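Notes follow once the structure below has been shown.
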């Protein structure tokens, strides 16, 4: 029995194991879940030990623990660092859009596994874990050296990861990095992501009176902080949808014509757009295609808005304060700290003198661009062909995996961004799912990737 | 023992009775409190019966019940309709501004009675109840006929009151109406309110994608509903702070020069403003004094704002929708329904085509102006002198008591707006209080008012 056969035979077991992992409420942004998040790390570490890795450790950080596991018994072969995260987004059920099955009770419907984290990222990292298991169980060895690095803070900005990598360079050193934390276009259209956006996540708080006031008694003589917040936020965009912060676009790279042409061949159609989003109409910065708007242009988004009376009914209150969660997606070369400072300056300028404002940085990360002309990228393409039966396309992606820039900077190695999910997996929304067929194909892709990389020298693999 | 002496002797009893009334969580905007709100009406009705009214009824409405009680044994004397409300605002404690004692456990500190509703309006209406009791217990009769009308929906827009009044005109007919639901400037500076603002309370909801989206995966191609809401709200004001809704000011009465001069004599100083509000700086529509801005000019206020992720930490979500609670304070002659239509039209015009919006009317009420040159108003001034030891000043007030316009329209009678509270009573905010000294003075004022009105003919009293 080869590794692929082993994976095929053990599908049910693998799915049940993944369900166990998905039951943990490892919501990294909510401190009330800290204990369960730590238990998730513990479960994962035990599981990595169970599949046959030589050495597994849990590293504590000021935040959530990092799980590390290695198998290094292939001295002359390349070393593959496989990164993923075990933390998940909050469930955020709403009356309009509830979870059809509870977010932490994994449920299979129509060939999909529904649970928070099913695709982002527990299911995707687990496919690689199972690929390694299949190889180890059937050949008693691996074609390459493997290092797993699975963190618990990706959804809260990986705030302790960079310093961990910096202080554990020797432990983590590798010839290539593999990340499955994105989605492909369709089962027969896998995607290698070559650009990721960076992130600056902030809170803008506007304060006025010392406490909530009666809007009748004081409306008209006290500047309303919720009104002021809306005015500030409205002024952060130009009428055409571009961001109105002086200097914001200074370091944004222009998109080469060849790249624009290549992207035109993979259109994101209006039909797909409406199907995925349900938005009333398309929208975006003029002069750029949808793929460019998402992957290669920076944005500023309001992620949350709160102030005053927000319950059922009416309360005539003039709120003491109002708060917005505002984040910018950045592209390669934009420095998150610089953008934060520019935003801070702009908000200060926009703040009326009858209120005060504060901009707080919650987290940030760099964008990245990957050179797609490398042997390692070709190995990923071949692996995709084995797993999904099709050659991948190369696309920029709108999300942020800040550690990609860190790996590039620290180790000077290619980063293979080979997603296994689908566009409608409902990441960061109710009813997140992972197609089981993609879980199985992902395991095969993982096996094929390690086999292919095992035929190459470390030098060939690390060439960017 | 005369009525004043009776009131002085029974202070402790009266305060304990008021505490019993304040313990009820009669929050009219929250349906979960419906049973307790009905129990409050029951308690009040029993209490009105207990003090010696001839007839007491509870009228059910589609919302909260109305309590009515009457004593009509003075055939040739004027009839006084005393209006108040037993419902209260939600407690709305915040981590920054918590209740120092629980809102529904009335607590005395430094001569103040702290509880939700202490001043607005349970404490104030109860002063009149106790005035009637003091007269009945010491003289076995009243100098006038008295009708109490105490509703349970003032804080949710008195939505069933107008139709109740319309269908119970004969029951409620009176020569003058008395309302204590406002505040005075200081113990030695009582205030007769001669203008009240109307109200239109709405919700503006903006919707975009069918569900919350990942702000990385879709930020840049989907119009963000929270951003759109901020843009709409920002555009509802002009840079100078006036309301930017075409037609909004069409029916706003200009302020006569004599009235402006009179108001100048009762300045609302910067010191007082800062003391009361804690706002960083004064603000307001240019060309108007603070008293004019509050009492004689309409406004548009954001009472609440909510959308997307509003919990601790960071969630990179592009929200499916965002909602604002927006209300306008109106002045006499502005029609609430017309203003609602104008707001709706303006929001529709401002809504970008890539999102949808809806403006919902939650409640509304008319503003009012009272002629201060009447015998009934002079009776109120004399009563204030007896209770507070000082002549009142005449001021416009920023809040809304829509029933004033209804009483004026329905019965063509003077409405005496004689508040008993203080500016720092924290209405609609945590730590609402009522100064016990004002409760006692309010009872004396109530006794004096009924005595004075009893010396007048019904015709004199009803002259406006």
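Protein chains in written order, with my numbering: chain X, 1 to 464; chain H, 1001 to 1464.
Glycine residues also receive a C-beta, built at the ideal position from the N, C-alpha and C atoms.
These figures come from a predicted structure and were not determined experimentally.
Please report the Cβ distance between residue i and residue j, rounded to the nearest whole angstrom; I am assuming they are in contact, meaning their Cβ atoms lie under 8 Å.
{"i": "residue 64 of chain X", "j": "residue 121 of chain X", "result": "Wrong, their Cβ atoms sit about 14 Å apart, outside the cutoff."}
{"i": "residue 326 of chain X", "j": "residue 202 of chain X", "result": "5 Å"}
{"i": "residue 1042 of chain H", "j": "residue 1428 of chain H", "result": "Residue 1042 of chain H to residue 1428 of chain H, Cβ: 25 Å. No contact."}
{"i": "residue 186 of chain X", "j": "residue 147 of chain X", "result": "Not confirmed; about 31 Å, so no contact."}
{"i": "residue 26 of chain X", "j": "residue 420 of chain X", "result": "At roughly 19 Å, the Cβ-Cβ gap does not stay under 8 Å, so residue 26 of chain X and residue 420 of chain X are not in contact."}
{"i": "residue 205 of chain X", "j": "residue 321 of chain X", "result": "6 Å"}
{"i": "residue 15 of chain X", "j": "residue 172 of chain X", "result": "That belief does not hold up - the Cβ atoms of residue 15 of chain X and residue 172 of chain X are roughly 30 Å apart, past 8 Å."}
{"i": "residue 128 of chain X", "j": "residue 82 of chain X", "result": "5 Å"}
{"i": "residue 1403 of chain H", "j": "residue 1161 of chain H", "result": "6 Å"}
{"i": "residue 87 of chain X", "j": "residue 17 of chain X", "result": "18 Å between Cβ atoms; not a contact."}
{"i": "residue 458 of chain X", "j": "residue 195 of chain X", "result": "Not confirmed; about 26 Å, so no contact."}
{"i": "residue 111 of chain X", "j": "residue 436 of chain X", "result": "5 Å"}
{"i": "residue 355 of chain X", "j": "residue 343 of chain X", "result": "Their Cβ separation, rounded to whole angstroms, is 18 Å, which puts residue 355 of chain X and residue 343 of chain X out of contact at 8 Å."}
{"i": "residue 1036 of chain H", "j": "residue 1054 of chain H", "result": "Incorrect: roughly 28 Å between the Cβ atoms, too far for contact."}
{"i": "residue 1400 of chain H", "j": "residue 1197 of chain H", "result": "5 Å"}
{"i": "residue 1298 of chain H", "j": "residue 1370 of chain H", "result": "Wrong, their Cβ atoms sit about 18 Å apart, outside the cutoff."}
For residue i, write down the residues that DSSP places opposite it in a beta bridge.
{"i": "residue 71 of chain X", "result": "X:146"}
{"i": "residue 113 of chain X", "result": "X:108, X:434"}
{"i": "residue 1323 of chain H", "result": "H:1205, H:1306"}
{"i": "residue 177 of chain X", "result": "X:81, X:415"}
{"i": "residue 328 of chain X", "result": "X:200, X:300"}
{"i": "residue 273 of chain X", "result": "According to DSSP, residue 273 of chain X bridges with nothing at all."}
{"i": "residue 219 of chain X", "result": "X:222"}
{"i": "residue 1135 of chain H", "result": "Partner(s): none; residue 1135 of chain H has no beta bridge."}
Can you tell me which of the three DSSP states residue i falls into?
{"i": "residue 313 of chain X", "result": "coil"}
{"i": "residue 265 of chain X", "result": "coil"}
{"i": "residue 304 of chain X", "result": "strand"}
{"i": "residue 82 of chain X", "result": "strand"}
{"i": "residue 1394 of chain H", "result": "strand"}
{"i": "residue 358 of chain X", "result": "strand"}
{"i": "residue 1035 of chain H", "result": "helix"}
{"i": "residue 1047 of chain H", "result": "helix"}
{"i": "residue 1185 of chain H", "result": "coil"}
{"i": "residue 1199 of chain H", "result": "strand"}
{"i": "residue 372 of chain X", "result": "coil"}
{"i": "residue 428 of chain X", "result": "coil"}
{"i": "residue 15 of chain X", "result": "helix"}
{"i": "residue 1151 of chain H", "result": "strand"}
{"i": "residue 288 of chain X", "result": "coil"}
{"i": "residue 1128 of chain H", "result": "helix"}
{"i": "residue 236 of chain X", "result": "coil"}
With a Cβ-Cβ cutoff of 7 Å, do residue i and residue j count as a contact?
{"i": "residue 242 of chain X", "j": "residue 285 of chain X", "result": "yes"}
{"i": "residue 460 of chain X", "j": "residue 384 of chain X", "result": "no"}
{"i": "residue 3 of chain X", "j": "residue 142 of chain X", "result": "no"}
{"i": "residue 316 of chain X", "j": "residue 216 of chain X", "result": "yes"}
{"i": "residue 1137 of chain H", "j": "residue 1006 of chain H", "result": "yes"}
{"i": "residue 1123 of chain H", "j": "residue 1411 of chain H", "result": "no"}
{"i": "residue 375 of chain X", "j": "residue 416 of chain X", "result": "no"}
{"i": "residue 1130 of chain H", "j": "residue 1443 of chain H", "result": "yes"}
{"i": "residue 1132 of chain H", "j": "residue 1340 of chain H", "result": "no"}
{"i": "residue 1229 of chain H", "j": "residue 301 of chain X", "result": "no"}
{"i": "residue 1367 of chain H", "j": "residue 1077 of chain H", "result": "no"}
{"i": "residue 1101 of chain H", "j": "residue 1094 of chain H", "result": "no"}
{"i": "residue 353 of chain X", "j": "residue 1281 of chain H", "result": "yes"}
{"i": "residue 1059 of chain H", "j": "residue 1051 of chain H", "result": "no"}
{"i": "residue 1056 of chain H", "j": "residue 1045 of chain H", "result": "yes"}
{"i": "residue 1022 of chain H", "j": "residue 1115 of chain H", "result": "yes"}
{"i": "residue 1393 of chain H", "j": "residue 1452 of chain H", "result": "no"}
At the 7 Å Cβ level, is residue i part of the contact set with chain B, yes or no?
{"i": "residue 1333 of chain H", "result": "Of the protein chains in the structure, X and H, none is chain B."}
task = Would you check if the stretch 1299–1319 of chain H and the stretch 290–307 of chain X touch, i.e. whether three or more CB-CB distances between them fall below 8 Å?
result = yes
message = Between the stretch 248–256 of chain X and the stretch 1307–1325 of chain H, can you find at least three pairs of beta-carbon atoms closer than 8 Å?
response = no
query = With contact counted as at least three CB pairs below 8 Å, one residue from each stretch, are the stretch 1438–1452 of chain H and the stretch 1206–1224 of chain H in contact?
reply = no
query = Taking contact to mean at least 3 C-beta pairs separated by less than 8 Å, is the stretch 356–364 of chain X in contact with the stretch 416–432 of chain X?
reply = no
Validate contact between the stretch 1213–1220 of chain H and the stretch 290–298 of chain X using beta carbons, cut 8 Å, 3 pairs = yes
request  = Answer yes if the stretch 1232–1242 of chain H comes into contact with the stretch 407–425 of chain X, meaning at least three C-beta pairs across the two stretches below 8 Å, and no otherwise.
outcome  = no
query = Would the stretch 1374–1393 of chain H and the stretch 1189–1196 of chain H be scored as touching if the rule is three or more Cβ pairs under 8 Å?
reply = yes
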